[in-house]
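Heads up: the sequence shown begins at 412 in the working numbering, then just goes up one per residue.
Ideal placement from N, C-alpha and C gives every residue a C-beta, glycine not left out.
Note that the coordinates shown come from a computational prediction; the quantities given were computed from them, not determined experimentally.
Only one structure is covered here, and it is reproduced in the block below.
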Amino acid sequence: MLDPETEEYYERHAEAFAARTRGLDMQPLQQRFLHYIPAGGRILDAGCGSGRDASCFQEAGFRVCAIDASGAMCRQARLQSGTFACRRTFDEVCGPDLYDGIWASASLLHVPRQALPAVLRRFHWALKEGGILYLSLKKGSGEQRRQGRLFADYTLKEAADMLSEGGLFSVLEAFETQDVRTAERERPWVNLIARAGSG
């Protein structure tokens, strides 16, 4: 599932990447997502990176499963956040009906565009009925390689249409945000929160 060059990037740069992203303030987005999750609910952090968000969800009393396709990033999640993370790709997500919410922050952006519908179907299968999916992607179009990684970029409408296709999800919120990293602010984020439908 993970592009080999992208996987190599994270294996080689995991420590530096985790150090750069561990302290980013994601609380406003986390709170928008958690608004829809029942207290003590079960959350999958899909592509957990440094473990930053999984750690916050755990501290807030949620039951969290954290996964990442990079073994090196899983190790950094344990070291930097105290979060146990399993090395697992998106097509290895367990189910069915396991999670109240799936948090996919800045992780689906590395999935090739033609593969993303299958990942969304897998997520739908893993979510409980009415479960919540949050995802963020970089705004743009097509696929590009940037800094040694594959990025699949989307407009807000493209991403919303893909989520809604086949009745898998109903979009609850769709909005753009600036990158909290000053050097990245020229490329906004596309954010969506959606509820799993009957499909």
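### Message
Assuming residue 540 is part of the beta strand (DSSP E), what are its boundary residues?
### Response
538-549
#### Entry: residue 525 - containing alpha helix (DSSP H), residue span
Taken as a continuous stretch (DSSP letters only), residue 525 belongs to no alpha helix (DSSP H), as it is neither H nor E.
### Task
Since I believe residue 527 is in contact with residue 573 (beta carbons under 8 Å), could you give me their beta-carbon distance rounded to a whole number of angstroms?
7 Å
### Query
Beta-carbon separation of residue 542 and residue 579 under 8 Å?
no
#### Entry: DSSP bridge partner residues for residue 581 (one or two, in chain order)
606
### Task
Look at the alpha carbon of residue 416 and the alpha carbon of residue 439, and state the distance between them as a whole number of angstroms.
The straight-line gap from Cα to Cα measures roughly 32 Å.
### Query
Span of the alpha helix (DSSP H) holding residue 482?
Bounds of the alpha helix (DSSP H) holding residue 482 are 482-492.
### Task
Compute the distance between the beta-carbons of residue 391 and residue 425, then report whether it is under 8 Å.
In the structure as shown, the chain starts at 412 and stops at 610, and residue 391 therefore has no counterpart that could be examined.
### Task
With DSSP as the reference, please indicate the residues paired to residue 565 in a beta bridge.
550
### Message
Once the 5 residues before and after residue 507 are set aside, which same chain residues still bring their CB inside 7 Å of it?
### Response
536, 537
### Task
Tell me whether residue 587 counts as near the ligand FMN, meaning its Cβ is closer than 7 Å to at least one heavy atom of that ligand.
Among the components of this structure there are no ligands whatsoever, and the ligand FMN is therefore not found.
### Query
Measuring CA to CA, which of 485, 560, 547, 555 is closest to residue 567?
For the residues 485, 560, 547, 555, the minimum Cα distance to residue 567 belongs to 547.
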